[in-house]
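Peer 1: Here it is: the structure, laid out below.
In UniProt numbering, the protein residues as written are 1 to 204.
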């Protein structure tokens with residue numbers, strides 16, 4: 001199982017983090033299989049960072065083997081979606097970027113990919129018009145809609161499949177909208193797709 005993630009896929013978020021790149025194709029990075037945090041288990045803040053940020057995202061699960069998938073056929077390769085959190089050690093990422101070094105360790109550390117309960121796409125709605133949001137301690141802190149993606153899901157799948165064979169069970173984190181921020185010990189995170197809560201866990 002691979003966890004494939006898309007960076008800088010919402011213009012307002014890019015501005016939020018002061019990214020000025022004019023993107024012509026998706027920005028891809030990977031998370032390790034040990035990054036997955038599921039079943040409502042708590043997220044423990046690691047000792048190597050003092051600035052862990054949440055990034056709420058729509059997550060797509062691949063359910064068919066594919067390579068070099070044409071964009072017009074990409075919709076055939078997934079049928080379930082959920083919301084997830086791409087946890088980022090922002091202080092570590094910032095330092096590595098400033099040094100021009102790879103920053104995988106700030107993104108792919110253990111339990112950095114929280115995942116909610118998957119639901120059939122037919123229940124969720126149009127993949128290109130899905131709203132989602134994150135509540136922390138009962139207050140909405142981040143919300144987005146897939147309509148605002150720079151690169152929609154089918155384009156992401158077509159692009160990624162040029163480089164990696166997609167396998168059943170692979171997860172694609174599709175990018176985060178504006179509104180990222182830090183988490184603290186004791187926080188209660190709840191992720192919603194529309195008004196349906198699919199993610200619920202605590203920070204320890």
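Yeah, the Cβ is synthetic: ideal placement off N, Cα and C, and Gly gets one too.
Less than 8 Å between the CB atoms is what I'm expecting for residue 81 and residue 60, so what's the real figure, rounded?
Peer 2: Here residue 81 is taken as the residue at index 81 of the chain shown, counted from 1. Here residue 60 is taken as the residue at index 60 of the chain shown, counted from 1. Indeed they touch by this definition, with Cβ atoms about 6 Å apart.
Peer 1: Got a sec, what are the start and stop residues for the alpha helix (DSSP H) residue 121 sits in?
Peer 2: Translated into positions along the chain shown, residue 121 becomes position 121. It spans 121-124 - the alpha helix (DSSP H) in which residue 121 sits, taken as one unbroken run.
Peer 1: Residue range of the beta strand (DSSP E) that residue 96 falls in?
Peer 2: As a position in the chain shown, residue 96 is number 96, starting the count at 1. Element bounds for residue 96: not the beta strand (DSSP E) but the alpha helix (DSSP H), 90-98.
Peer 1: Kindly list the residues whose CB is nearer than 7 Å to the CB of residue 110, restricted to its own chain and excluding five residues on each side of it in sequence; keep chain order.
Peer 2: Stepping through the chain shown from its first residue, residue 110 is reached at position 110. Once the five neighbours on either side are set aside, the close Cβ partners of residue 110 are 34, 35.
Peer 1: Can you tell me whether residue 65 is buried or exposed, with buried defined as 16 or more other CB within 10 angstroms of its CB?
Peer 2: As a working mapping, residue 65 is identified with position 65 in the chain shown. Residue 65 should be labelled exposed.
Peer 1: Is it true that the CB of residue 136 sits closer than 8 Å to the CB of residue 189?
Peer 2: Position 189 of the chain shown, counted from the first residue, corresponds to residue 189. Position 136 of the chain shown, counted from the first residue, corresponds to residue 136. Yes, Cβ-Cβ distance for residue 189 and residue 136 is below 8 Å.
Peer 1: Of the choices 92, 167, 2, 78, whose alpha-carbon is the least far from that of residue 121?
Peer 2: Counted from its first residue, the chain shown places residue 121 at position 121. Of 92, 167, 2, 78, the residue nearest in Cα terms is 78.
Peer 1: Enumerated in chain order, which unbroken segments of the alpha helix (DSSP H) with a length of 4 residues or greater are wholly contained in the stretch 127-200?
Peer 2: Those alpha helix (DSSP H) runs which fall completely within the stretch 127-200 and span 4+ residues are 153-160.
Peer 1: What does the Cβ neighbour count give for residue 40, buried or exposed, with the cut at 16 atoms within 10 Å?
Peer 2: Locating residue 40 in the chain shown gives position 40, where the first residue counts as 1. Label assigned to residue 40: exposed.
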